[in-house]
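Residue numbers (the numbering used here), protein chains in the order written: chain A, 28 to 285; chain B, 456 to 781.
The structure appears right after this line, and notes come after that.
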Amino acid sequence: MATILEAQGVSRSFGGVKALAGCSLSVDKGSITGLIGPNGSGKTTLFNVMTGYVKPDTGTVSFEGNDVTNARPNKIFALGVGRTFQLTRIFARISVIENMLVATQRDESWLRGLTRSKSSKSELDAAMEWLDFVGLTRLASMQAGSLSYGQRKLLELAYVLVADPDVVLLDEPAGGVNLTLINEISEKILALNKGGKTFLIVEHNMEFVMKICDKVTVMHQGCDLVTGTPGEVRSNPAVLDAYLGSSDGEVSETVGHG
Amino acid sequence: MWSLALVVLVVFPLIVTNPTYTAIAVSTLLFMACTTSWNMFSGYSGYVSLGSAIFYGCGAYTMALVSSHAHMAGGGAQFWLVPLAGLVAMVVAVPVGAIALRVRRHTFVVITIALFFVFQTLAINASFTGGSAGISLPLIPWLFNYYNLPFYYVALGMVVFATLLSAGVRRSRFGLQLLAIRDDEDRALGLGVRVTAVKLTGFTMSAFTIGMAGAVYAMFIGQIYPQFVFDPTFDITVALMAFLGGFGTLLGPLLGGLILEASQQYLVLSFSNGSLYLILFGVLFLLVILFMPQGIVGGVSQWWALRALKREMVSMTDPEAVGANP
Numbered sequence: 028m029a030t031i032l033e034a035q036g037v038s039r040s041f042g043g044v045k046a047l048a049g050c051s052l053s054v055d056k057g058s059i060t061g062l063i064g065p066n067g068s069g070k071t072t073l074f075n076v077m078t079g080y081v082k083p084d085t086g087t088v089s090f091e092g093n094d095v096t097n098a099r100p101n102k103i104f105a106l107g108v109g110r111t112f113q114l115t116r117i118f119a120r121i122s123v124i125e126n127m128l129v130a131t132q133r134d135e136s137w138l139r140g141l142t143r144s145k146s147s148k149s150e151l152d153a154a155m156e157w158l159d160f161v162g163l164t165r166l167a168s169m170q171a172g173s174l175s176y177g178q179r180k181l182l183e184l185a186y187v188l189v190a191d192p193d194v195v196l197l198d199e200p201a202g203g204v205n206l207t208l209i210n211e212i213s214e215k216i217l218a219l220n221k222g223g224k225t226f227l228i229v230e231h232n233m234e235f236v237m238k239i240c241d242k243v244t245v246m247h248q249g250c251d252l253v254t255g256t257p258g259e260v261r262s263n264p265a266v267l268d269a270y271l272g273s274s275d276g277e278v279s280e281t282v283g284h285g
Numbered sequence: 456m457w458s459l460a461l462v463v464l465v466v467f468p469l470i471v472t473n474p475t476y477t478a479i480a481v482s483t484l485l486f487m488a489c490t491t492s493w494n495m496f497s498g499y500s501g502y503v504s505l506g507s508a509i510f511y512g513c514g515a516y517t518m519a520l521v522s523s524h525a526h527m528a529g530g531g532a533q534f535w536l537v538p539l540a541g542l543v544a545m546v547v548a549v550p551v552g553a554i555a556l557r558v559r560r561h562t563f564v565v566i567t568i569a570l571f572f573v574f575q576t577l578a579i580n581a582s583f584t585g586g587s588a589g590i591s592l593p594l595i596p597w598l599f600n601y602y603n604l605p606f607y608y609v610a611l612g613m614v615v616f617a618t619l620l621s622a623g624v625r626r627s628r629f630g631l632q633l634l635a636i637r638d639d640e641d642r643a644l645g646l647g648v649r650v651t652a653v654k655l656t657g658f659t660m661s662a663f664t665i666g667m668a669g670a671v672y673a674m675f676i677g678q679i680y681p682q683f684v685f686d687p688t689f690d691i692t693v694a695l696m697a698f699l700g701g702f703g704t705l706l707g708p709l710l711g712g713l714i715l716e717a718s719q720q721y722l723v724l725s726f727s728n729g730s731l732y733l734i735l736f737g738v739l740f741l742l743v744i745l746f747m748p749q750g751i752v753g754g755v756s757q758w759w760a761l762r763a764l765k766r767e768m769v770s771m772t773d774p775e776a777v778g779a780n781p
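Take a look at the structure:
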């Protein structure tokens with residue numbers, strides 16, 4: 028399979044802390060790739076680098092063969108890479124449907140925004156369709172801040188999808204969510220993947236990762252440790268060391284999700 | 456309701472002809488226009504600017520300098536300079552915004568105040584502004600009894616303009632982007648919103664009406680001084696009016712401007728002790744912030760929504776189930 032999104036030799040330090048130390052990751056087109064690792068191993072920082080929120084000290088990021096290493100987040104989104112955040116972020120004081128509409132025109136010029144209404148018929152239809160997909164249709168006109176935690180997760184997923192990105196990066200989609208909802212989210216991801224969407228998922232819930240991912244990369248102390256199928260990764264001794272801690276694993280625990 | 460309010464405002468000076476009151480009405484309308492325009496950027500984006508007197512002052516000086524240097528005859532023709540003053544304010548707003556918008560939120564507030572004082576100092580010390588001696592504008596030879604009327608209707612026109620513009624922005628995608636920036640700027644950036652361009656555009660647009668109001672004020676007063684058009688209390692008053700009425704709402708700034716400016720002027724007139732109103736305002740703001748932190752419009756609509764919600768609760772099933780079972 029062809030690589031669609033790739034990070035090569037990415038390093039990034041915050042003060043004296045090396046959050047990423049020459050990390051590489053490639054995501055195949057049409058795959059569901061999992062990214063796992065202990066807390067503080069640099070998963071979220073890698074996400075931030077790949078989506079333009081953090082500039083790497085060294086290394087490159089490319090999307091469909093084009094270098095996007097220092098591109099701004101809005102540019103990367105316009106190219107077709109959408110993401111969610113570990114701590115779910117929605118626009119709390121506008122309605123659910125307006126949340127969806129913020130994302131509908133991903134590459135429209137900013138001056139165009141002055142002269143057009145906030146939604147066209149087709150955008151509104153698309154927004155409602157995705158709300159229906161995650162089961163939030165009934166809440167479309169509610170203020171987004173009044174949604175529950177699980178509903179916010181679903182809304183964030185829906186508005187990233189409404190712009191039809193080619194690659195979707197999910198940061199802990201199953202974090203803090205009940206079991207019924209986890210199953211539902213994994214079903215939705217599998218359904219979207221069948222339709223051709225590529226996913227890169229950071230997740231601590233191993234069952235979730237092993238069930239839906241084609242390929243898993245394990246990160247440890249800012250580096251990619253092992254890449255393989257879920258089965259290969261599970262039985263790899265280096266992975267067990269990283270998680271259970273053999274030598275200096277604890278040091279990175281204090282770093283946090285940077 | 457909007458049209459009824461407009462009719463009342465249109466016939467007001469025909470019924471209340473006392474020039475003392477119509478003069479209060481003119482300054483009230485100017486504040487309503489400024490606050491609405493300020494709210495169009497600061498209220499929607501959440502970036503509270505305390506530098507709006509920069510644009511007010513630039514508008515006032517544009518009017519004063521152009522009309523006196525061109526030796527214009529005082530009168531209606533000067534009103535043609537009003538849109539020009541608005542444009543000058545916008546031109547000034549571009550670099551001011553480009554500097555201030557490099558930082559976020561609270562730091563932005565501080566930078567706008569700092570930039571304001573830069574402009575005030577320049578106005579006091581530059582040679583072309585006439586310095587602290589001020590500038591006289593061409594004398595307008597209108598009869599005392601009717602002097603206020605043209606200003607009143609021009610100011611009313613500006614209120615209507617600012618309100619329509621603000622309503623238009625709220626309905627546009629651009630307005631939605633401002634609201635998204637207010638709620639979570641980084642998230643908006645990650646959804647393709649060009650936040651810097653959007654913020655700068657909003658900031659510049661809001662300077663237009665404020666600049667025009669400054670120009671009308673300069674004409675109305677006939678003589679301007681740097682410390683009265685580049686006035687830090689103007690910065691604060693405009694923000695407070697919006698907060699009192701309802702930050703980020705369409706009606707709020709209009710209400711806030713109407714209530715505050717009219718009552719302030721009235722209190723100054725009724726009680727010769729000029730600082731009494733400051734104490735009363737202090738009390739009023741404490742009350743608003745304690746009991747109505749979202750302002751009059753926000754507070755009332757919240758109370759309204761709560762009432763509707765209570766009714767709905769009776770017929771509603773488990774709200775948590777919505778996400779789980781579509």
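Yeah, the Cβ is synthetic: ideal placement off N, Cα and C, and Gly gets one too.
Note that the coordinates shown come from a computational prediction; the quantities given were computed from them, not determined experimentally.
Short CB-CB distance (under 8 Å) between residue i and chain B
i                      : result
residue 120 of chain A : yes
residue 129 of chain A : yes
residue 186 of chain A : yes
residue 125 of chain A : yes
residue 87 of chain A  : no
residue 268 of chain A : no
residue 39 of chain A  : no
Rounded straight-line distance, which links the Cα of residue j to that of residue i
i                      : j                      : result
residue 644 of chain B : residue 761 of chain B : 33 Å
residue 97 of chain A  : residue 263 of chain A : 34 Å
residue 747 of chain B : residue 236 of chain A : 48 Å
residue 254 of chain A : residue 241 of chain A : 11 Å
residue 582 of chain B : residue 723 of chain B : 34 Å
residue 221 of chain A : residue 111 of chain A : 20 Å
residue 641 of chain B : residue 593 of chain B : 51 Å
residue 245 of chain A : residue 63 of chain A  : 5 Å
residue 749 of chain B : residue 538 of chain B : 33 Å
residue 89 of chain A  : residue 95 of chain A  : 5 Å
residue 720 of chain B : residue 479 of chain B : 6 Å
residue 158 of chain A : residue 649 of chain B : 25 Å
residue 164 of chain A : residue 155 of chain A : 7 Å
residue 614 of chain B : residue 662 of chain B : 14 Å
residue 181 of chain A : residue 168 of chain A : 16 Å
residue 35 of chain A  : residue 226 of chain A : 18 Å
residue 561 of chain B : residue 142 of chain A : 30 Å
residue 765 of chain B : residue 148 of chain A : 33 Å
residue 462 of chain B : residue 611 of chain B : 11 Å
Identified DSSP bridge partners for residue i
i                      : result
residue 242 of chain A : A:60
residue 39 of chain A  : A:47
residue 153 of chain A : Residue 153 of chain A pairs with nothing; no bridge assigned.
residue 247 of chain A : A:250
residue 255 of chain A : A:243
residue 678 of chain B : B:591
residue 2 of chain A   : Only positions 28 to 285 of chain A appear in this structure, which leaves residue 2 of chain A out of reach.
residue 627 of chain B : A:144
residue 225 of chain A : A:194
residue 564 of chain B : Looking at the DSSP assignment, residue 564 of chain B forms no beta bridge with any residue, so it has no partner.
residue 108 of chain A : A:194
residue 170 of chain A : A:122
residue 268 of chain A : Note: residue 268 of chain A sits in no beta bridge, so no partner.
residue 94 of chain A  : A:89
C-beta neighbour in chain A for residue i, strict 8 Å
i                      : result
residue 626 of chain B : yes
residue 533 of chain B : no
residue 761 of chain B : no
residue 645 of chain B : yes
residue 557 of chain B : no
residue 541 of chain B : no
residue 648 of chain B : yes
residue 632 of chain B : yes
residue 560 of chain B : no
residue 766 of chain B : no
residue 629 of chain B : yes
CB-CB length for residue i against residue j, believed under 8 Å
i                      : j                      : result
residue 626 of chain B : residue 144 of chain A : 6 Å
residue 491 of chain B : residue 708 of chain B : 5 Å
residue 699 of chain B : residue 743 of chain B : 6 Å
residue 228 of chain A : residue 200 of chain A : 7 Å
residue 468 of chain B : residue 600 of chain B : About 11 Å separates the two Cβ atoms, so there is no contact after all.
field: the segment 92-108 of chain A: positions lying closer than 9 Å to chain B by Cβ
entry: Here the close residues are 99, 100, 101, 102, 103, 104 and 105.
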